[in-house]
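Student:
Numbering (full-length UniProt numbering), first residue to last: 1 to 293.
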């Protein structure tokens with residue numbers, strides 16, 4: 001098997017169906033299998049998807065993995081990662097759509113660049129703009145400072161101030177980066193065996209940055225490949241309570257990542273400032289969301 005594609009469904013029936021169709025409706029020059037993990041949706045979306053794609057399931061093109069409970073994005077992906085037996089693996093968000101020959105192009109690139117452990121593509125939002133999370137630098141204290149103080153927005157083309165989202169680089173280019181987005185991340189199975197699975201401490205943010213950090217630490221390259229693209233239907237409305245959960249998990253992931261990778265690299269005063277910044281930003285965002293109409 002050439003490629004295993006892992007998707008996680010959590011109450012996103014319409015998006016997940018489109019994502020599956022964007023893969024299945026193309027004639028691919030490689031063998032593949034889709035692992036669809038349902039994160040205890042409980043809304044009937046899994047049953048609908050099983051009915052819609054019963055033929056592909058019977059043919060073995062899709063394997064359904066129902067999770068008994070929702071323990072987060074990393075946990076759900078790991079359920080499938082434990083089963084895959086292909087040369088390459090793709091993490092693909094359920095709210096994405098593959099464009100053109102993206103998968104074949106990315107596989108071809110990995111085939112010809114054996115030192116690349118993880119590859120990402122250009123990820124576009126519904127309005128055609130770049131989803132900035134698809135290529136990033138690691139959030140060191142200085143990089144994070146530039147972002148929190150909006151210096152990165154004031155100087156979008158600055159190599160110094162816009163280190164996190166790399167806005168000064170050509171979005172259609174190809175180059176090494178620190179981190180990719182879990183919305184689309186293609187990896188070698190060899191790399192996963194060496195680095196290990198996703199860290200399940202992260203519930204729904206941060207696991208992709210953490211994985212890329214560990215991948216690079218093992219000597220593998222992480223590359224952004226802007227010649228191929230997908231659509232990412234990001235940012236559904238949701239209730240105020242749901243948004244508060246997203247905000248909390250976002251900043252919780254920042255805290256976990258810093259504790260895991262940076263705490264022992266900086267002095268106590270720097271650590272204290274970072275923790276205060278994370279907590280302050282989280283509290284401010286939660287307060288704004290609470291009073292938002």
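Quick reminder that beta carbons are idealized off the backbone N, C-alpha and C, glycines included.
1) Within 10 Å of its beta-carbon, does residue 223 have 16 or more other beta-carbons around it, so buried, or fewer, so exposed?
2) How would you call residue 127, buried or exposed, if buried means at least 16 neighbouring beta carbons within 10 angstroms?
3) Does residue 190 pass the burial test, meaning 16 or more other C-beta atoms within 10 Å, or should it be called exposed?
4) Hey, could you find the ends of the alpha helix (DSSP H) residue 284 is sitting in?
5) Once the 5 residues before and after residue 56 are set aside, which same chain residues still bring their CB inside 7 Å of it?
6) Measuring CB to CB, does residue 152 end up less than 8 Å from residue 161?
7) Which runs of the alpha helix (DSSP H) fall wholly inside the stretch 33–107 and span at least 4 residues, in chain order?
8) Could you have a look at residue 157 and say whether DSSP puts it in helix, strand or coil?
9) To the nearest angstrom, report how far apart residue 38 and residue 19 are at their CA atoms.
10) Within 10 angstroms of the Cβ of residue 242, are there 16 or more other Cβ atoms? Answer buried if so, exposed if not.
11) So, residue 247 versus residue 289, is the Cβ gap smaller than 8 Å?
12) If contacts are defined as beta-carbon pairs under 8 Å, then residue 92 and residue 5 qualify, I think. What distance do you get, rounded to the angstrom?
13) If you count every other CB in all the chains shown that lies within 10 Å of the CB of residue 85, and 16 or more means buried, which is it?
14) For the stretch 160–179 against the stretch 71–83, are there 3 or more C-beta pairs whose distance is under 8 Å?
15) How many whole angstroms separate the CB atoms of residue 134 and residue 228, which I take to be in contact at a CB cut-off of 8 Å?
16) Go to residue 4, then tell me how far its beta strand (DSSP E) extends in each direction, as first and last residue.
Tutor: On the basis of the data shown:
1) buried
2) exposed
3) exposed
4) 268–291
5) 24, 62
6) yes
7) Considered as a whole, the stretch 33–107 harbours 45–52, 54–59, 73–81 as its complete alpha helix (DSSP H) runs of no fewer than 4 residues, in chain order.
8) coil
9) 14 Å
10) exposed
11) yes
12) 6 Å
13) So residue 85 counts as exposed.
14) no
15) Wrong, their Cβ atoms sit about 11 Å apart, outside the cutoff.
16) 3–9
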